[in-house]
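In our numbering, the protein residues as written are 215 to 328.
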């Protein structure tokens, strides 16, 4: 395996994919005061991530979020990057079957075929 090199620049799609995959959290406290007296205080807490990433890190979702939908259940399935094509594939499928995108087959799947 060759080590991956870091790219110095990426497309907008790469940046958005990275943000959704890793997540982005913004915390800001803004205070306006005159002569030591606080007149206005604003606290901003914002998180930008995919449902999968947010659930993985335990971020809370708004009350009333319907977690019984097919999309939510799909987001809860553990995914991993294929070592050959780097596409996201469910871990169980990647280990037992291989990658449906490029045809890469894990050692466990090769052993099961024999």
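Virtual Cβ for every residue (Gly too), placed ideally from N, Cα, C.
On the three-state DSSP scale, how would you describe residue i?
i: residue 319; result: coil
i: residue 301; result: coil
i: residue 234; result: helix
i: residue 225; result: coil
i: residue 249; result: coil
i: residue 294; result: strand
i: residue 242; result: strand
Rounded to whole angstroms, what is the Cα-Cα separation between residue i and residue j?
i: residue 263; j: residue 283; result: 19 angstroms
i: residue 297; j: residue 254; result: 51 angstroms
i: residue 281; j: residue 224; result: 34 angstroms
i: residue 229; j: residue 251; result: 42 angstroms
i: residue 301; j: residue 286; result: 20 angstroms
i: residue 239; j: residue 260; result: 6 angstroms
i: residue 234; j: residue 249; result: 42 angstroms
Would you mind sorting residue i into buried or exposed? The rule is 16 or more other CB atoms within 10 Å of its CB.
i: residue 313; result: buried
i: residue 274; result: exposed
i: residue 266; result: buried
i: residue 226; result: exposed
Is the Cβ-Cβ distance between residue i and residue j less than 8 angstroms?
i: residue 324; j: residue 310; result: no
i: residue 292; j: residue 305; result: yes
i: residue 329; j: residue 269; result: Here the chain covers residues 215 to 328 and nothing more, so residue 329 does not appear.
i: residue 308; j: residue 288; result: no
Output needed for residue i: all residues of its chain with C-beta closer than 7 angstroms, excluding positions within five of it in sequence on either side, in chain order.
i: residue 271; result: 237
i: residue 243; result: 257
Can you name, in chain order, every residue of its own chain whose Cβ lies under 6 angstroms from the Cβ of residue i, other than the five neighbours on each side?
i: residue 315; result: 299 and 301
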